[in-house]
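Participant: Residue numbers (my numbering), protein chains in the order written: chain U, 149 to 390; chain R, 149 to 390; chain P, 149 to 390; chain X, 149 to 390; chain S, 149 to 390; chain A, 149 to 390.
I'd like to ask some things about the structure below.
There are 6 protein chains.
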Amino acid sequence: MTIETLPLDAKTTRALMGVSTATVTTVLLKKGLRNVWLRNTQPLAPGQPRLVGRAFTLRFVPAREDLATPASWGSPISTRAAIENMPAGCIAVVGALGVTDAGIFGDILCARMQKRGVAGLVTDGVVRDVAGVLGTGLPVWCQGTAAPPSVAGLTFVGWQEPIACGGVAVFPNDVIVVDQDGAVLIPAALLDDVMAQCVEQERLEAWIMSQVAEGAALPGLYPPNAENAERYRRWAEAQGKK
Amino acid sequence: MTIETLPLDAKTTRALMGVSTATVTTVLLKKGLRNVWLRNTQPLAPGQPRLVGRAFTLRFVPAREDLATPASWGSPISTRAAIENMPAGCIAVVGALGVTDAGIFGDILCARMQKRGVAGLVTDGVVRDVAGVLGTGLPVWCQGTAAPPSVAGLTFVGWQEPIACGGVAVFPNDVIVVDQDGAVLIPAALLDDVMAQCVEQERLEAWIMSQVAEGAALPGLYPPNAENAERYRRWAEAQGKK
Amino acid sequence: MTIETLPLDAKTTRALMGVSTATVTTVLLKKGLRNVWLRNTQPLAPGQPRLVGRAFTLRFVPAREDLATPASWGSPISTRAAIENMPAGCIAVVGALGVTDAGIFGDILCARMQKRGVAGLVTDGVVRDVAGVLGTGLPVWCQGTAAPPSVAGLTFVGWQEPIACGGVAVFPNDVIVVDQDGAVLIPAALLDDVMAQCVEQERLEAWIMSQVAEGAALPGLYPPNAENAERYRRWAEAQGKK
Amino acid sequence: MTIETLPLDAKTTRALMGVSTATVTTVLLKKGLRNVWLRNTQPLAPGQPRLVGRAFTLRFVPAREDLATPASWGSPISTRAAIENMPAGCIAVVGALGVTDAGIFGDILCARMQKRGVAGLVTDGVVRDVAGVLGTGLPVWCQGTAAPPSVAGLTFVGWQEPIACGGVAVFPNDVIVVDQDGAVLIPAALLDDVMAQCVEQERLEAWIMSQVAEGAALPGLYPPNAENAERYRRWAEAQGKK
Amino acid sequence: MTIETLPLDAKTTRALMGVSTATVTTVLLKKGLRNVWLRNTQPLAPGQPRLVGRAFTLRFVPAREDLATPASWGSPISTRAAIENMPAGCIAVVGALGVTDAGIFGDILCARMQKRGVAGLVTDGVVRDVAGVLGTGLPVWCQGTAAPPSVAGLTFVGWQEPIACGGVAVFPNDVIVVDQDGAVLIPAALLDDVMAQCVEQERLEAWIMSQVAEGAALPGLYPPNAENAERYRRWAEAQGKK
Amino acid sequence: MTIETLPLDAKTTRALMGVSTATVTTVLLKKGLRNVWLRNTQPLAPGQPRLVGRAFTLRFVPAREDLATPASWGSPISTRAAIENMPAGCIAVVGALGVTDAGIFGDILCARMQKRGVAGLVTDGVVRDVAGVLGTGLPVWCQGTAAPPSVAGLTFVGWQEPIACGGVAVFPNDVIVVDQDGAVLIPAALLDDVMAQCVEQERLEAWIMSQVAEGAALPGLYPPNAENAERYRRWAEAQGKK
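As structure tokens, this is what we get:
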């Protein structure tokens, strides 16, 4: 019923750790994908480092008093069971319908995810007991904080299904990159191609920044005209030789 | 993977056809269920009659350009395939994330649902080609109308799963009642009990309306105090004898 | 604790019955009042005629399960008690926080208001059992329709207090004019002055419309330059002589 | 400073009069244009017929009390002057920032537009004095109705400039098609190509509807598989011969 | 007209100072109260400590230019007068309709509240002159910051009345607990019972956290099954003996 | 086509550097201007100092896939060209329709603005590559951060035109003051008069704060009654003598 989690090879992870989410969106937009950045999800703590990992998805629907009860926390389809299925290194992506008045997880669930080696938590909802969550050290991207438990607004219905998160369709095993600008996904099928272009785009923009630092004007530089493209090509070549 | 559709017996249908959605919500609230009315879904045509039926659910996530394409309309997981699985008499409940700028269905899909004997369509999204949809005669409750196709904003991912629709959790086989006030669900497990209380509540409110028509003041009448409760009891008894 | 209702003299009512809400807002804006039109309140039935009357205010706060119960309908501070205090000819203005998923009133309460001679009901919330409400004949301006009872979303706390309705401050005894464009208030203290200017503004705009019908261009006509102002003055004078 | 209005030839107008806005969006989406349908604009009167015409744009910014005054109605940059510049047959598209509490135009301005032969008015804002506007007979698509004048919420700044309307970029001379589903634009540069494909798409969908009417199932029909595509080709050919 | 402020005994204050708002919402949800956490109100300064106190309520309605003027600041019903009525130790809860473009209070009013020993300020609106407000040392929970004065968007109408704040009904003398997760209320009538359960819930969750720290899995632990409940019981007993 | 940028004299700049945005809004409100504070724009970095400068405006409309492409970055009407036209000392005010899912500028464009001596950037949109933007040292006020490039949601159409920003009409050369409370504008025509009153208002409020610090109650002090006004007058006079 749910989709198996794939590993992400170390080379891909390493390459993407050097690429900003801004660059990923630029590269994907050039391929026609304009809706890959998850809205309403921000770093919970300042200075959280960039993360890269496969998406492990969780899905909520709205609360119904006959379903969303503290008793439901013990049912076989529960957030607890989902967490016990998360592989080390994955990024948990939780579709919470953008609900801001019920916290999906608090300190206990985040502590358990941390113990299991989950890389981080990304949601369009909020967390609760923020002091406790920060104490666990799990990196979290979310819309904010609320005291009430998830059952005050949400009913959990399953994991590793396609979900909506922040107005974006997230499928299990999409690759997530998340940094200070928030979370972006790379569709699994496009991974190798996107990764290569991202690395190149980062290098080009670093060169452009160096030119701006020296006082160059923008027109003809960003994007580069033929002359600047050639200057860049030579610089990149020289870089490669070092 | 998806849940089988249950029939709804004729006696239940008949009883609920005499009960307003307002009454259903009153009875469910007394049982502690405050979130059973689907927001953002209104009759598309004036004068659509009340409908009663089992929910057959469809689920969308947001559009992604690599997924939501006209080509996807031919895939095995498609709105087309979902429609061919709908049993006669069901009410299709489509969770469309409240999206108002992409129509989930147009004239062709609605015509096919009508042909298959689907009782009606309820969604928190919108339909397209409204003139064509009205022409099919399928009763529709929705948030309005938009020209663009579903793939401009939505990706279809499955049917007969738990969904969010209008801020309410709808499960396959919940019983839907829909009228001029919109759509309400009755959890399958509570059906018999709720039905009985609804019929009684309708009768009580009819008696109260008759008293107001004769000039009675509200305090002590609605809800009835002991004296009025007794007067009603006698009237109801007399009604029963006729 | 609550403010007494003042009557509205027949001459004022008659004069304002000939003035559109659009004209009232134009006249008030010239006096510096830009926030007098109630947002989110529209005619429930097509063709409801213009109404003029004193505001009789009702105030809700959000629902709390320990307060907003069916039992609360029998308490001394209840919508029922408020209705029994409404004088004939008033316009009930109900501040419902813009809540759209709980109906403030249904058929029974509207029927009682109609019986008591209440001129109409204006709210930034919604009504329930819309078929029943339309059956009572009470003119209603609201944001729409919802099945759930008020206690699903709101707690009633009092009447004839200052309220917020549609983003506007409404005080008991403000004069309400409501037509196809919705509801506008005239502060009691400004009534006579505003009324006189409204009557004049309506006459001026009627003359301008007659000029447009004859093919006149807008610049210099609306608003009138000196020449057109003089032409209008002569026409108005001639009108006065008839 | 402003862009000149181009005429629209009679053949194009005639062809597009037979094409629904739903079809236009389908054809444009296949070309990668997903944001061409104006949100928040609906027919003011039921049964308004489809219109086709060049966009004549008007632009508002928010109100500022030192600028948006009744006196400003007489300034050279005014809605009055803009209207006197509208050519017969154009569709006025007014970017009103989605403001719903100040009416952009009332009866007088709409009457003048009607006199000048303007085909229709499309806005993401609202109109005022709705009874008067309906009386002028000008077809209007808007978000609703409000009593206050434009200066209560908006300042007019120019015409025939690029504007935002309903979340869509509208440029002067884009071709507008508007019907019961609202308004869609066709970029001027794509007009001929889009028109041809729209006509063909309408014919295909008519054939599919005829098949559904005869009981055909959707998979393989919509979109057509090879067999159905061939059946359609033969039917279309036969149609052509008649 | 307004309700007298009750004191809060030291024992209750002390007990609740050890309880998180998350725990209060969990306990109240088990009693059927799902709407007790105030939306849109966050700590203004990082690290503000938890506060406990009786609610002293203030109520605003929208601005009206004839009422909301700088002159109104001197009227007997003013925010100034309200502040002079606040008892030491209370928490001022200000219903500001969620308005984010007019600051309810600035440095002067906050300085005076601080002088009077008010424990803190909670609002669903915003404050102005944030640098000045932070300088007063008054702990503030709000939706953010805006430069304009309250009269640009709000009219003050009274204190110690039932109010709406953050979508929650707050009554004078409800007990407020506010920390990093925001503000929650405990209805006065439920105080003793809720307090006792909160203390117990905090202890249980501390034990569960200790188990997670040792590597325990969640199912059967949170909530505890019979075996874990027994283990906890023994631990708690042992704790009690220390 | 675009409006020339005026310089701002040093004396005005110096005077306004000592005035808070809160005070500017108070003074403008007394003149009847209630809509001068830009919504949805906050300091990107903590502790950004107050800035004063002329507005240099930029205008976006929504994205259209045929217009908003990476290729468009090289067109003559581009954000790059706009930046090259900004004079030193101006404050760039960018109307971004409140779009939060596409960053208007990233590190490269901000670095270039910084190089050109632009004083700061104010927008109702968001920036991208926030780490890079902070690295440039350009002071930014915005609604937040998003990874996608501007063309994912916006099309740039011009500079030095009247724009909407944060629900406020901004004209080229309006004077902007921006601090921790956000950005406010002073219409160019009112500059000298407003400046003088602001300086006096700041002095009065400083005196009131000193009185509150000494334990004075608010009524009669803020605003001052005759006695306190006289006390202030004497204090101000004494100040002047020092």
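Note that the Cβ used here is the ideal one computed from N, Cα and C, for glycine as well.
Just so you know, these numbers come straight off a predicted model, no measurement behind them.
(1) Give the straight-line distance between the Cα atoms of Glu232(P) and Ile239(P), rounded to the nearest whole angstrom.
(2) With distance defined between alpha-carbon atoms, name the residue in Val318(U), Arg264(U), Leu352(U), Asp272(U) nearest to Ala336(U).
(3) Run down chain P in chain order and give the residues with a C-beta less than 7 Å from the C-beta of Gly292(R).
(4) At least one CB of chain S closer than 8 Å to the CB of Asp255(U): is that the case?
(5) Compute the Euclidean distance between the alpha carbons of Val275(R) and Gln359(U), then round it to the nearest angstrom.
(6) What residues of chain R sit near Thr303(U), judged by a beta carbon separation below 7 Å?
(7) In chain order, what are the residue ranges of uninterrupted alpha helix (DSSP H) at least 4 long that sit wholly in the region 162-197 of chain R?
(8) So, does the CB of Lys263(X) fall closer than 8 Å to a CB anywhere in chain P?
(9) Here's the rule I'm using: 16 or more other beta-carbon atoms within 10 Å means buried, otherwise exposed. How should Pro287(A) be labelled?
(10) So what does Phe204(U) bridge to, in DSSP terms?
(11) Applying a beta-carbon distance threshold of less than 8 Å, which residues of chain P neighbour Trp355(R)?
(12) Round the Cβ separation of Val326(A) and Ile334(A) to the nearest angstrom and send it over; I've been treating them as touching at under 8 Å.
(13) Please name the residue in Leu302(P), Val323(P), Thr227(P) whose C-alpha comes closest to that of Arg212(P).
(14) Are the beta-carbon atoms belonging to Gln190(U) and Trp307(U) less than 8 Å from one another?
(15) Do the region 151-163 of chain X and the region 245-265 of chain X make contact, defined as three or more Cβ pairs closer than 8 Å?
(16) With a threshold of 6 Å on Cβ separation, who are the neighbours of Gly243(P) within its own chain once the five nearest residues in sequence on each side are excluded?
(17) Please list, in chain order, the residues of the region 151-175 of chain X that have any C-beta partner in chain R closer than 9 Å.
(18) Closer than 8 Å, CB to CB, is Leu333(S) near chain U or not?
(19) Give the DSSP bridge partners of Thr293(U), in chain order.
(20) For a contact defined as C-beta to C-beta under 7 Å, what are the partners of Asp329(S) on chain U?
(21) Please state if the CB of Val209(R) and the CB of Val305(R) are separated by a distance shorter than 8 Å.
(22) Looking at the secondary structure, which residues open and close the alpha helix (DSSP H) in which Ala344(X) lies?
(23) What does Trp185(A) reach in chain S if we use C-beta pairs closer than 9 Å?
(24) Beta-carbon within less than 8 Å of Asn321(X)'s beta-carbon, same chain only, minus the 5 sequence neighbours each way: which residues are those?
(25) Hey, does Pro210(S) have any beta-carbon neighbour from chain P nearer than 8 Å?
(26) Which residue comes first and which comes last in the alpha helix (DSSP H) that contains Leu257(U)?
(27) Grouping DSSP H, G and I as helix and E and B as strand, with all else coil, what is Val326(R)?
(28) Helix or strand or just coil, what does DSSP make of Pro155(R)?
(29) Among residues of its own chain, excluding the 5 on either side of Met149(A), which ones have a beta-carbon nearer than 7 Å to its beta-carbon?
(30) In terms of residue numbering, what span does the beta strand (DSSP E) encompassing Gly388(S) cover?
(31) Gln349(A) to Gly166(A), Cα distance in whole Å?
(32) On the three-pair Cβ rule with 8 Å, is the region 175-183 of chain X touching the region 351-371 of chain X?
(33) Which same chain residues, not among the five before or five after Trp383(A), have their C-beta less than 8 Å away from its C-beta?
(34) Please check if any C-beta of chain R sits within less than 8 Å of the C-beta of Ile231(P).
(35) With distance defined between alpha-carbon atoms, name the residue in Thr227(U), Asp329(U), Leu338(U), Ala377(U) nearest to Thr169(U).
(36) Since Val347(U) and Ala163(U) should fall inside the 8 Å C-beta cutoff, what is the C-beta to C-beta distance between them, to a whole number of angstroms?
Facilitator: In terms of the structure at hand:
(1) In the third sequence, residue 232(P) corresponds to position 84, counting from 1. In the third sequence, residue 239(P) corresponds to position 91, counting from 1. Computed Cα separation, rounded: 14 Å.
(2) Here the question's residue 336(U) lines up with position 188 in the first sequence. Ranking the options by Cα distance to Ala336(U), first place goes to Val318(U).
(3) Position 144 of the second sequence, counting from 1, holds the residue named residue 292(R). Here the premise fails: no neighbours, minimum Cβ distance about 12 Å.
(4) Here residue 255(U) refers to the residue found at position 107 of the first sequence. So yes, Asp255(U) belongs to the interface.
(5) Within the second sequence, numbered from 1, the residue matching residue 275(R) stands at position 127. Within the first sequence, numbered from 1, the residue matching residue 359(U) stands at position 211. The straight-line gap from Cα to Cα measures roughly 52 Å.
(6) The count along the first sequence starts at 1 and reaches residue 303(U) at position 155. Per Cβ cutoff of 7 Å: Ala317.
(7) 169-178
(8) Counting from one through the fourth sequence, the residue named residue 263(X) turns up at place 115. Output row for Lys263(X): interface = yes.
(9) Along the sixth sequence, one-based indexing puts residue 287(A) at 139. Classification of Pro287(A): buried, given that the 10 Å Cβ count is 16 or more.
(10) Taking the first sequence and counting its residues from 1, the one referred to as residue 204(U) is at position 56. Phe204(U) is bridged to Ala240(U).
(11) As a working mapping, residue 355(R) is identified with position 207 in the second sequence. Simply none; closest approach about 11 Å.
(12) Counting from 1 along the sixth sequence, the entry for residue 326(A) is found at position 178. Counting from 1 along the sixth sequence, the entry for residue 334(A) is found at position 186. Not confirmed; about 12 Å, so no contact.
(13) Residue numbering aside, residue 212(P) sits at position 64 when the third sequence is read from its first letter. Nearest of Leu302(P), Val323(P), Thr227(P) to Arg212(P), Cα basis: Leu302(P).
(14) Locating residue 190(U) in the first sequence gives position 42, counting from the first residue. Locating residue 307(U) in the first sequence gives position 159, counting from the first residue. Taking 8 Å as the Cβ cut-off, Gln190(U) and Trp307(U) do not qualify as a contacting pair.
(15) no
(16) As a working note, residue 243(P) is residue 95 in the third sequence. Closer than 6 Å at the Cβ level, and outside the excluded window around Gly243(P), lie Arg207, Ile311, Ala312, Cys313.
(17) Ser168, Thr169, Ala170, Thr171, Val172, Thr173, Thr174
(18) As a first step, residue 333(S) must be located in the fifth sequence, where it is residue number 185. Not an interface residue.
(19) Sequence index remark: in the first sequence, residue 293(U) carries index 145 (1-based). Partner(s): Val275(U).
(20) Working through the fifth sequence from its first residue, we reach residue 329(S) at position 181. Simply Arg276, Asp277, Val278, Thr293, Ala294, Ala295.
(21) In the second sequence, residue 305(R) corresponds to position 157, counting from 1. In the second sequence, residue 209(R) corresponds to position 61, counting from 1. Yes, they are a contact pair.
(22) For this step, residue 344(X) is matched to residue 196 along the fourth sequence. It spans 339-361 - the alpha helix (DSSP H) in which Ala344(X) sits, taken as one unbroken run.
(23) In the sixth sequence, the residue the question calls residue 185(A) occupies position 37. Result: Asp249, Ala250, Ala294, Ala295, Pro296, Ala300.
(24) The residue labelled residue 321(X) in the question sits at position 173 within the fourth sequence. Correct list, in chain order: Ile151, Thr153, Leu154, Arg202, Ala203, Ala336.
(25) For the purposes of this step, residue 210(S) is taken as residue 62 along the fifth sequence, with counting starting at 1. Interface residue, yes.
(26) For the purposes of this step, residue 257(U) is taken as the residue at position 109 of the first sequence. 255-263 is the span of the alpha helix (DSSP H), which, as asked, contains Leu257(U).
(27) The residue you call residue 326(R) lines up with position 178 of the second sequence. In this structure, Val326(R) counts as strand in the three-state DSSP scheme.
(28) As a position in the second sequence, residue 155(R) is number 7, starting the count at 1. In the structure shown, Pro155(R) sits in coil (DSSP, three-state: anything other than H, G, I, E or B).
(29) As a position in the sixth sequence, residue 149(A) is number 1, starting the count at 1. At Met149(A), the pLDDT of 49 sits below 50, so the modelled position is not reliable; the number obtained from the coordinates is stated separately. Cβ within range, chain order: n/a, list empty.
(30) As a position in the fifth sequence, residue 388(S) is number 240, starting the count at 1. Here Gly388(S) belongs to no beta strand (DSSP E); instead the alpha helix (DSSP H) covers 374-389.
(31) Taking the sixth sequence and counting its residues from 1, the one referred to as residue 349(A) is at position 201. Taking the sixth sequence and counting its residues from 1, the one referred to as residue 166(A) is at position 18. Going from the Cα of Gln349(A) to the Cα of Gly166(A) covers about 11 Å.
(32) no
(33) As a first step, residue 383(A) must be located in the sixth sequence, where it is residue number 235. Only Trp355 meet the Cβ criterion.
(34) Mapped onto the third sequence, residue 231(P) falls at position 83. It does; some Cβ of chain R falls within 8 Å.
(35) Taking the first sequence and counting its residues from 1, the one referred to as residue 169(U) is at position 21. Comparing Cα positions, the closest option is Asp329(U).
(36) Taking the first sequence and counting its residues from 1, the one referred to as residue 347(U) is at position 199. Taking the first sequence and counting its residues from 1, the one referred to as residue 163(U) is at position 15. Between Ala163(U) and Val347(U) the Cβ distance is about 6 Å, and since that is below 8 Å, they are a contact.
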